[in-house]
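> These protein sequence lines are chains A and B, in that order. Note that my numbering has the first sequence beginning at 1, numbered continuously upward. Note that my numbering has the second sequence beginning at 1001, numbered continuously upward.
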Amino acid sequence: MKSGFDTVMIFLVLSNLALLGSSRLGMCVRALALQGLVLSVLPVIVDMADITARDLTLGLGTMLVKGFLFPWILLRTLRDAGVRREIEPYVGYTMSLIIGAALLALALWLDRRLPLPHSFVSPLLVPVSFFTIFCGLFILLSRKKAITQVIGYLVLENGIYSFGMALAHEEPFLVEMGMLLDIFAAVFVMGIAIFHIHREFEHMDTARMTLLKDDYSG
Amino acid sequence: MIAALLLVPTIAGILTFFIRSAAAQRRLLRLTVTLHFLLTCGCWFLPLSKPDESSWLGLDAPGLFFLTVTSILTLAVGMYAAAFLRREASGVPRPIELIRALPNAPEAIFSGCSQLFLAAMTLVIVSRHFGLLWVAMEATTLVSAPLIYFHRSRHSLEATWKYLILCSIGIALALLGNFFLVVAGTGHGGLSLDALLAAGPHLNVLWLRAAAIFFFVGYGTKMGFAPLHTWRPDAYSESPTPVAALLSGALVNCAFFALLRVQQVLGAAGEAEFGRELFLGFGLFSILVAAIFVIRQADYKRLLAYSSVEHVGILAVGAGLAKAGLMGSLLHALNHSLVKAMLFMVAGNILAASRTKSIPEVRGMLRVVPVSAVLWIAGFLAITGSPPFGTFLSEFTILKAAIDQSQFFVAAAYLFLLVAIFIAVAQLFLGMAQGEAPASSGTRQPEALATIVPPIALCMLALSLGLYVPAPLQDLMNAAAQTLSGSM
């Protein structure tokens, strides 16, 4: 199943690049949904010889939450707020893609520097996870819309999740479920917050949220 | 006992959402914090839990210490919050910037989330598993976000968003730290604290260090180290004062506690020096940044927030100075929580009387709300570490630890920055109490008993800790420092 695993990894890289290069928010959410679906396969195929009920539950939970629930919440928020595009991000789309390529190189280099104590199914797992984490952070920093920041947060979280898959059998099941639940709650709360931001400010551009700053007397 | 500590606030918190009457909600809030406090007192008489690799929950000496601090604080804030909610509901004139805001969020959200927040903080303290600790820490972020957005204004919304996003990123990075920790401890039983401590020297050093860095950045965001502190002035100044008191008094300690656990594992692996350097670096930088922003600050709630940045810096510096410094740090965590919560409560009273958060516009508070103004001045002395308050004792202990360990640069920088902050804060605080009150805030205003008794109680506690540290507390802090610094 090694080839299947590598296919998953390549899908992850491609969806990251799609997220970096797209200005249409609907497209970004769909790329994120694809990423979630692809990730949900990981717990099952990480150890094909020994598929347990736990792997299946985790896969199913991931698919439901990351593949369907998050995109649904985000698409609904997009519709309610009536935004379609991220216009004028801090970093342009072509530049974002070039930076993406650089981030991929950085991830590969970092993987060489931090050797894992034992080997995993695929040598691609760790660098691709790092790449996904970097992409998430980059989207968080370079985009202005509140919703794009949530997307960035989720990409970051996906990267951490796929890194965690490398260690699937090292930690208890409950913790993973707890994490999934927490992240779900986080997106839910952020969704509500975006709704309020849109209603209050009539936009959801975080670059224009500048009411709070330090004033100095005298 | 631990189960009761967790269940009481959780169940009460959920129950609050189903109670219609606001008065009943407030009564339940007061009942919950009182019960939690009594249960915590009960824990003092029970034996502490022994290390057990299979158990995810447990209360050891550091846990009991931080649980006590959290519980005392929530008790005081809970009592004050009930009065605060009554004041908000009574339709008194709101601060100028809130006039155009929507009506407040329903009270059930405030009372319910406060109790769930207490439950989440308790879980952080009693968990002996890094995964569970992470889950609890993320839960504290989520249930406190609606609290910050209680006054539904644009300002508080902006603050809530910054808080949510920054802390979520921080927590995500801490999750990565968790996974790195799993890699470091491959084959030694995952993320259980006791298993990791037992594995000690067999942990993979490279991955352990990487994990420590991510934990420091992740939980450090929550604790509010500079340069990760940017959410704090906004969140503290825009949230209702009881919430600010909880965030700065109790939540900071929980994040600090998580970092001390990380340091404990580092110590077991023989990497204590690495963690101490991280603590010292973040600590000194935080004090420096706080000193820069405190000078000429024009908003007194933001001023208190920057003062919190200063104090997490002091906590971190103490934790970076081996066991002697850690003792000072623990005492300081207690003192700072008491004083900062008290100051936020008093700030709430001043805000209610003057209807503005601007320092230059608040004058003559001694004439308008005399009790609060006297508390404000006492709080100034306490927060800047003047004798005879407990903060003096703890800050001095840390300074002494630095000199004893020949860390002269640390000692000099620490002392210089604290003096600079003292001068800056003195000028701002004293001006608010003295002088003629502007006509807008009128003459003498009544001060409700429930809004001044909790801060007076906290102030008295902070004062008495400066004069005398009771023997059982001293023993507990000794045991806690012993456990945390790794010499079992």
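Virtual Cβ for every residue (Gly too), placed ideally from N, Cα, C. Source: prediction; values computed, not measured.
What number of angstroms, rounded off, separates the C-alpha of residue 100 (chain A) from the C-alpha of residue 114 (chain A)?
About 21 Å.
> Short of 9 Å Cβ to Cβ, which residues in the segment 1230-1244 of chain B face chain A?
Under the 9 Å Cβ criterion, the segment 1230-1244 of chain B contributes 1233, 1234, 1237, 1238.
> What are the start and end residues of the alpha helix (DSSP H) that includes residue 71 (chain A)?
That run of the alpha helix (DSSP H) goes 70-81.
> So the alpha helix (DSSP H) residue 1448 (chain B) belongs to, where does it begin and stop?
That residue, residue 1448 (chain B), is in no alpha helix (DSSP H); it is neither H nor E in DSSP.
> Please list, in chain order, the residues of the segment 1151-1164 of chain B that have any C-beta partner in chain A closer than 7 Å.
Against chain A - using a Cβ distance shorter than 7 Å - the residues of the segment 1151-1164 of chain B are 1154, 1155, 1157, 1158, 1159, 1160, 1161, 1164.
> Taking C-alpha atoms, which residue in A:81, A:96, A:107 lies nearest to residue 26 (chain A)?
Nearest option by C-alpha distance: A:81.
> Note down the Cα distance separating residue 1320 (chain B) from residue 1279 (chain B), rounded to an integer number of angstroms.
Cα to Cα, the separation comes out at about 5 Å.
> Quick check on this structure: which residue in B:1347, B:1060, B:1427 has the alpha carbon closest to the alpha carbon of residue 1294 (chain B)?
If we check each option's Cα against that of residue 1294 (chain B), B:1427 comes out closest.
> Any beta-carbon of chain A closer than 9 Å to the one on residue 1146 (chain B)?
Chain A, which has a Cβ nearer than 9 Å to the Cβ of residue 1146 (chain B), makes this yes.
> Just how far apart, CA to CA, sit residue 1013 (chain B) and residue 1272 (chain B)?
Cα to Cα, the separation comes out at about 39 Å.
> Any C-beta of chain B sitting closer than 9 Å to the C-beta of residue 89 (chain A)?
So no, residue 89 (chain A) is outside the interface.
> Under 9 Å, Cβ to Cβ, is there at least one residue of chain B near residue 80 (chain A)?
Not one chain B Cβ lies under 9 Å of residue 80 (chain A).
> Select from the segment 1188-1211 of chain B all residues with a C-beta closer than 8 Å to any C-beta belonging to chain A, and list them in chain order.
Those residues of the segment 1188-1211 of chain B that come within reach of chain A (Cβ to Cβ, closer than 8 Å) are 1190, 1191, 1204, 1206, 1207, 1210.
> Could you tell me which chain B residues have their CB closer than 8 Å to the CB of residue 35 (chain A), listed as they occur along the chain?
What residue 35 (chain A) touches in chain B: nothing, since even the nearest Cβ is about 15 Å away.
> Against residue 209 (chain A), what residues of chain E qualify as contacts under a CB-to-CB distance less than 9 Å, listed in chain order?
Checking the listed chains, one finds no chain E in this structure; the protein chains it contains are A and B.
> Out of B:1397, B:1352, B:1084, which has the shortest C-alpha to C-alpha gap to residue 1317 (chain B)?
That would be B:1397, whose Cα lies nearest to the Cα of residue 1317 (chain B).
> Within the same chain, show all residues whose beta-carbon is closer than 7 Å to that of residue 1035 (chain B), passing over the 5 residues directly before and after it, in chain order.
Closer than 7 Å at the Cβ level, and outside the excluded window around residue 1035 (chain B), lie 1008.
> Taking all protein chains shown into account, do 16 or more other C-beta atoms lie within 10 angstroms of the C-beta of residue 1455 (chain B), making it buried, or fewer, making it exposed?
Answer is buried; the Cβ neighbour count reaches 16.
> Could you pull the start and end residues of the alpha helix (DSSP H) that residue 1151 (chain B) belongs to?
Unbroken run through residue 1151 (chain B): none, as it is neither H nor E.
> Could you tell me the distance, in whole angstroms, from the CA atom of residue 1119 (chain B) to the CA atom of residue 1216 (chain B)?
Those two C-alpha atoms are separated by around 24 Å.
> Helix, strand or coil: how does DSSP classify residue 167 (chain A) here?
The answer is coil: DSSP assigns residue 167 (chain A) none of H, G, I, E or B.
> So what's residue 214 (chain A) in DSSP terms, helix, strand or just coil?
Residue 214 (chain A): coil per DSSP, three-state reduction.
> With distances taken Cα to Cα, identify the nearest neighbour of residue 1260 (chain B) among B:1219, B:1243, B:1232.
Comparing Cα-Cα distances from residue 1260 (chain B) to each of B:1219, B:1243, B:1232, the minimum goes to B:1219.
> For residue 6 (chain A), which beta-bridge partners are listed by DSSP?
The partner list for residue 6 (chain A) (beta bridge, DSSP) is empty, contrary to what the question assumes.
> In this structure, what does DSSP give as the bridge partners for residue 1102 (chain B)?
Looking at the DSSP assignment, residue 1102 (chain B) forms no beta bridge with any residue, so it has no partner.
> Output needed for residue 1263 (chain B): all residues of its chain with C-beta closer than 6 Å, excluding positions within five of it in sequence on either side, in chain order.
1275, listed in sequence order.
> Using a C-beta cutoff of 9 Å, does residue 1422 (chain B) count as contacting chain A?
False, the Cβ-Cβ gap to chain A never drops below 9 Å.
> Pick from B:1424, B:1368, B:1362, B:1197: whose alpha carbon is nearest that of residue 1384 (chain B)?
Of the listed residues, the one whose Cα sits closest to residue 1384 (chain B) is B:1424.
> What does a CB cutoff of less than 8 Å around residue 1016 (chain B) pick up in its chain, not counting 5 residues either side in sequence?
Cβ neighbours of residue 1016 (chain B) beyond the five flanking positions: 1025, 1028, 1029, 1108, 1111, 1112, 1115.
> Determine whether the Cβ of residue 1363 (chain B) lies closer than 9 Å to any Cβ atom of chain A.
Answer no: the Cβ-Cβ gap between residue 1363 (chain B) and chain A never drops below 9 Å.
> From which residue to which residue does the alpha helix (DSSP H) around residue 1335 (chain B) run?
Segment 1322-1354, the alpha helix (DSSP H) holding residue 1335 (chain B).
> Between the segment 1287-1301 of chain B and the segment 1228-1239 of chain B, do three or more beta carbon pairs fall short of 8 Å?
Touching, yes, given that three or more Cβ pairs across the two stretches are closer than 8 Å.
> Apart from the five residues on each side of it in sequence, which residues of its chain come closer than 6 Å, Cβ to Cβ, to residue 1325 (chain B)?
Closer than 6 Å at the Cβ level, and outside the excluded window around residue 1325 (chain B), lie 1318, 1398, 1401.
> Once DSSP output is grouped into helix, strand and coil, what is the label at residue 249 (chain A)?
An answer regarding residue 249 (chain A) cannot be provided, because it is not within the stretch 1 to 218 covered by chain A.
> In this structure, how does DSSP classify residue 13 (chain A) when only helix, strand and coil are distinguished?
Helix.
> Is it buried or exposed, residue 1018 (chain B), if we count other Cβ atoms within 10 angstroms and call 16 or more buried?
By the neighbour-count rule (16 or more Cβ atoms within 10 Å), residue 1018 (chain B) is not buried but exposed.
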